[in-house]
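Using the working numbering, read the sequence shown as starting at 552 and increasing by one per residue.
Just so you know, even glycine gets a beta-carbon here, dropped at the ideal spot from N, CA and C.
Each remark here refers to the structure printed beneath this line.
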Amino acid sequence: MTAYLALSVVFPAVDRILAGSKTLEVRQWSPDLASLPLCNLLLVQNYRRLSSAHLPEDPDGRAMAVVDVTRVRPWLPEDCAQSCSRPEAWEPGWLAWELGNVRPAHCARPVPARLRLYSLEFAEGELRAGMDVV
Numbered sequence: 552m553t554a555y556l557a558l559s560v561v562f563p564a565v566d567r568i569l570a571g572s573k574t575l576e577v578r579q580w581s582p583d584l585a586s587l588p589l590c591n592l593l594l595v596q597n598y599r600r601l602s603s604a605h606l607p608e609d610p611d612g613r614a615m616a617v618v619d620v621t622r623v624r625p626w627l628p629e630d631c632a633q634s635c636s637r638p639e640a641w642e643p644g645w646l647a648w649e650l651g652n653v654r655p656a657h658c659a660r661p662v663p664a665r666l667r668l669y670s671l672e673f674a675e676g677e678l679r680a681g682m683d684v685v
């Protein structure tokens with residue numbers, strides 16, 4: 552088994568990250584800054600916004616990309632284009648996670664989307680990433 556640290560994001564964010572139009576992920580919280588760069592983070596795209604009160608997990612996520620989080624910094628109004636956010640959506644206090652080394656990933660089965668960073672395990676060859684993805 553191979554374990555990946557994962558982060559779920561709502562559709563169409565991973566599509567935009569893979570296309571190169573979204574280079575920042577915006578969150579209200581930060582990973583452990585001592586762990587940066589956070590390499591080989593698996594992005595799981597799901598269609599329902601998760602919440603600790605109402606929907607802490609979605610079993611129908613899709614493993615779609617592996618990225619590196621190179622830096623976490625305050626989200627600025629001029630970051631809206633890079634985060635694929637409308638300018639009126641900007642609020643102070645949020646954090647911009649800078650993404651790099653973006654590689655496509657594929658797993659034939661659905662994977663759970665969960666809140667915050669979490670671990671997902673895959674059998675040998677079950678998750679294809681990078682050049683192995685057609």
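- Residue 665: member of the beta strand (DSSP E) spanning 662–665, first to last residue.
- Around the beta carbon of residue 570, fewer than 16 other beta carbons lie within 10 angstroms, which makes this residue exposed.
- Here the alpha carbon of residue 553 sits roughly 9 Å from the alpha carbon of residue 678.
- Take residue 681, set aside five residues on each side of it, and the residues of its chain with a beta-carbon closer than 6 Å to its own are 654, in chain order.
- If you draw a 10 Å sphere on the C-beta of residue 648, you find 16 or more other C-beta atoms in it, and that means buried.
- The alpha carbon of residue 620 has as its nearest neighbour, out of 675, 664, 584, the alpha carbon of 584.
- Taking C-beta separations shorter than 8 Å and ignoring five residues to either side along the sequence, the partners of residue 607 in its chain run 601, 665, 666, following chain order.
- Residue 670 and residue 659 have their C-alpha atoms some 18 Å from each other.
- Residue 619 has 651 as its beta-bridge partners, per DSSP.
- Between residue 593 and residue 614, the C-beta gap is smaller than 7 Å, which places the two residues in contact.
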